[in-house]
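Position one of the sequence shown corresponds to residue 96 (the working numbering), numbered consecutively onward.
Idealized CB from N, CA, C, for every residue including glycine.
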Amino acid sequence: MKTIYDFSVKKSNQQLQSLQDYQDKVLLIVNTASKCGLTPQFEGLQQLYETYKAKGVEILGFPCDQFNNQEYEQIDETLQFCQVNYGVTFPIYAKVDVNGNNEDPLFTFLKDQQKGLFSKAIKWNFTKFLINQNGQVIKRYAPSVSPNKIEKDIKRLIDDKG
């Protein structure tokens, strides 16, 4: 059975990183955007990260420019924006497409594992996927779901150990 650990992703410096590096951790994978009405969710994501990092939780941000061009052209601008405005310390990866012909294979997998309400397609920035310690996608959250609403599910995974 395929898991999240079968994928590698591009870091912001374009080097590949295997998601196997996150084995045995709870992951929250988010397609982000710096110039979106939902951008303030970075604050809540950072709070979750600070609260649960020591308990094995990682948040992985993947900037995406597919929804009304709401991401900076250069990844350095994205990183600076996230750090200066929201104090983001969780990993922000290279910009990706989450839908269409050039979609990143990771997001193809995520969408296959957890479909949206009416389709597989990601409809907007800040769609979130929760992954358990075994690399299985267990839940998908709509863009409008704030990070603090996900906390109970994260706690449950930590307590249950997957």
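Would you call the CB atoms of residue 153 and residue 130 closer than 8 Å?
Residue mapping note: residue 153 aligns to position 58 of the sequence shown, counting from 1. Residue mapping note: residue 130 aligns to position 35 of the sequence shown, counting from 1. No.
Taking the alpha carbon of residue 188 as the reference point, which residue from 252, 224 and 171 has its own alpha carbon closest?
Sequence index remark: in the sequence shown, residue 188 carries index 93 (1-based). Selected option, being the one with the closest Cα: 171.
Which two residues bound the contiguous beta strand (DSSP E) that contains residue 156?
One-based indexing of the sequence shown puts residue 156 at position 61. Judged by DSSP secondary structure, residue 156 falls within the beta strand (DSSP E) whose first and last residues are 152–158.
Do residue 125 and residue 201 have their CB atoms nearer than 8 Å?
Taking the sequence shown and counting its residues from 1, one reaches residue 125 at position 30. Taking the sequence shown and counting its residues from 1, one reaches residue 201 at position 106. Not in contact: residue 125 and residue 201 (Cβ atoms no closer than 8 Å).
Apart from the five residues on each side of it in sequence, which residues of its chain come closer than 6 Å, Cβ to Cβ, to residue 144?
Taking the sequence shown and counting its residues from 1, one reaches residue 144 at position 49. 154 and 185.
Please report the distance separating the alpha-carbon of residue 221 from that of residue 236.
Your numbering for residue 221 matches position 126 in the sequence shown. Your numbering for residue 236 matches position 141 in the sequence shown. Taking the straight line from one Cα to the other gives about 9 Å.
For residue 128, which residues of its own chain have a beta-carbon under 8 Å away from its beta-carbon, when the five flanking residues on both sides are left out?
For this step, residue 128 is matched to residue 33 along the sequence shown. Apart from the 5 residues on each side of it in sequence, residue 128 sits with its Cβ closer than 8 Å to the Cβ of 134, 158, 159, 160, 162, 165, 166, 220 and 221 in its chain, given in chain order.
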